[in-house]
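Working notes, beginning with the structure itself.
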Amino acid sequence: AKVACLEALKSQRADLGLQRDWEGNYLKRDSPDTASSFTLISSMLQRKDKFMRVLFSCNVRKINRFHKTENRAVLITDRHLYKMDPLRQYKPMKSIPLYNVTGMSISSGKDQLVVFHTKDSRDLVVCLQGMVPANESRIGELVGTLLSHFKSEKRKLQVNIASPIQCSMNGRKCTIIVEPKINQSQPDFTKSRSGYILNVPGN
14 AKVACLEALK
24 SQRADLGLQR
34 DWEGNYLKRD
44 SPDTASSFTL
54 ISSMLQRKDK
64 FMRVLFSCNV
74 RKINRFHKTE
84 NRAVLITDRH
94 LYKMDPLRQY
104 KPMKSIPLYN
114 VTGMSISSGK
124 DQLVVFHTKD
134 SRDLVVCLQG
144 MVPANESRIG
154 ELVGTLLSHF
164 KSEKRKLQVN
174 IASPIQCSMN
184 GRKCTIIVEP
194 KINQSQPDFT
204 KSRSGYILNV
214 PGN
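When we follow the working numbering, the leftmost residue of the sequence shown carries the number 14, and every step to the right adds one.
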């Protein structure tokens, strides 16, 4: 996975996180108080959807097509990408079969923005958050892990490094830009004329 990450992102992206161990399944580590709920839901989903392994999990800030931002969690297995509600014991909200994911877009900065592009033009726009330690970058790991998995299944995953990022939410085209903002304690999305802005803490 680290090789896949390096091949896709070298010289185009800051802070790939190659020096640290890649754990993949971070929700248990980042949220120890709710780890038992997450483990329970994971086991239930594994029985239901017959997945073999967890590729990645993390808390995220999400924007939806109604311009509403929410705290969510993502669990990515070898078969599905699940959205979960961490405030309701990780209740599964919606799943996207991995065969519906066609690509990912990230920026070239140190922000944790990622857009999952889907065949049905219902892209998922999130910013990874709640990391322990707080400044840990996981974008490189997420990209490398998914690229490696798709390659093992002989499928193509398009990775774009761009600013602004182009996406499609329920068929509606929009752009996402990242802007540093003074007094911004946590990254968050706001609406713009052409789409959304991810405001990240600025100096």
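Where is the CB? At the ideal position from N, CA and C, for every residue including glycine.
Paired residues, beta bridge with residue i - DSSP
{"i": "Pro193", "result": "Val213"}
{"i": "His130", "result": "Gly116"}
{"i": "Lys96", "result": "Val87 and Lys107"}
{"i": "Phe202", "result": "Leu211"}
{"i": "Ser70", "result": "Asn38 and Leu88"}
{"i": "Lys169", "result": "None, per the DSSP bridge assignment."}
Distance CB(residue i)-CB(residue j) smaller than 9 angstroms
{"i": "Gly215", "j": "Lys194", "result": "yes"}
{"i": "Val128", "j": "Arg74", "result": "no"}
{"i": "Val114", "j": "Leu58", "result": "no"}
Residue i versus residue j: straight-line alpha-carbon distance, rounded
{"i": "Arg60", "j": "Asn173", "result": "34 angstroms"}
{"i": "Leu155", "j": "Arg33", "result": "14 angstroms"}
{"i": "Gln25", "j": "Ser121", "result": "6 angstroms"}
{"i": "Glu9", "j": "Ser161", "result": "In the structure as shown, the chain starts at 14 and stops at 216, and residue 9 therefore has no counterpart that could be examined."}
{"i": "Arg168", "j": "Ser70", "result": "21 angstroms"}
{"i": "Ala147", "j": "Tyr39", "result": "13 angstroms"}
{"i": "Ile76", "j": "Glu166", "result": "30 angstroms"}
{"i": "Cys18", "j": "Ile152", "result": "9 angstroms"}
{"i": "Arg101", "j": "Asn84", "result": "11 angstroms"}
{"i": "Ser55", "j": "Ala48", "result": "10 angstroms"}
{"i": "Lys63", "j": "Ala86", "result": "20 angstroms"}
{"i": "Tyr95", "j": "Lys123", "result": "25 angstroms"}
{"i": "Leu29", "j": "Gln125", "result": "11 angstroms"}
{"i": "Arg206", "j": "Arg78", "result": "14 angstroms"}
{"i": "Lys186", "j": "Lys41", "result": "35 angstroms"}
{"i": "Pro99", "j": "Trp35", "result": "22 angstroms"}
{"i": "Ile89", "j": "Ile210", "result": "25 angstroms"}
{"i": "Gln171", "j": "Leu31", "result": "21 angstroms"}
{"i": "Leu22", "j": "Lys107", "result": "29 angstroms"}
{"i": "Val16", "j": "Phe163", "result": "14 angstroms"}
Close beta carbons around residue i, own chain, < 6 angstroms, minus the five adjacent residues each side
{"i": "Ser134", "result": "Ser181 and Gly184"}
{"i": "Gly143", "result": "Asp43 and Asn72"}
{"i": "Ser50", "result": "Gln102 and Tyr103"}
{"i": "Pro105", "result": "Tyr95 and Met97"}
{"i": "Leu141", "result": "Cys71, Val73, Gln125 and Arg151"}
8 angstroms contact criterion, which residue i and residue j should meet: CB distance rounded
{"i": "Leu111", "j": "His93", "result": "6 angstroms"}
{"i": "Ala14", "j": "Gly116", "result": "Actually they are not in contact, since the Cβ atoms of Ala14 and Gly116 sit about 17 angstroms apart, beyond 8 angstroms."}
{"i": "Thr82", "j": "Asp201", "result": "6 angstroms"}
{"i": "Ser118", "j": "Ala175", "result": "6 angstroms"}
{"i": "Arg66", "j": "Asp46", "result": "Their Cβ separation, rounded to whole angstroms, is 25 angstroms, which puts Arg66 and Asp46 out of contact at 8 angstroms."}
Contacting residues, own chain, Cβ-Cβ under 7 angstroms from residue i (five flanking each side not counted)
{"i": "Pro177", "result": "Thr188, Ile189 and Ile190"}
{"i": "Asn212", "result": "Glu192, Lys194, Gln197, Pro200, Asp201 and Thr203"}
{"i": "His7", "result": "The question about residue 7 has no answer, for the chain in this structure spans 14 to 216."}
{"i": "Asp136", "result": "Val128, Phe129, His130, Cys180, Ser181 and Met182"}
{"i": "Lys132", "result": "Asn113 and Thr115"}
{"i": "Val145", "result": "Arg42 and Asp43"}
{"i": "Gly37", "result": "Val67, Leu68, Phe69 and Thr158"}
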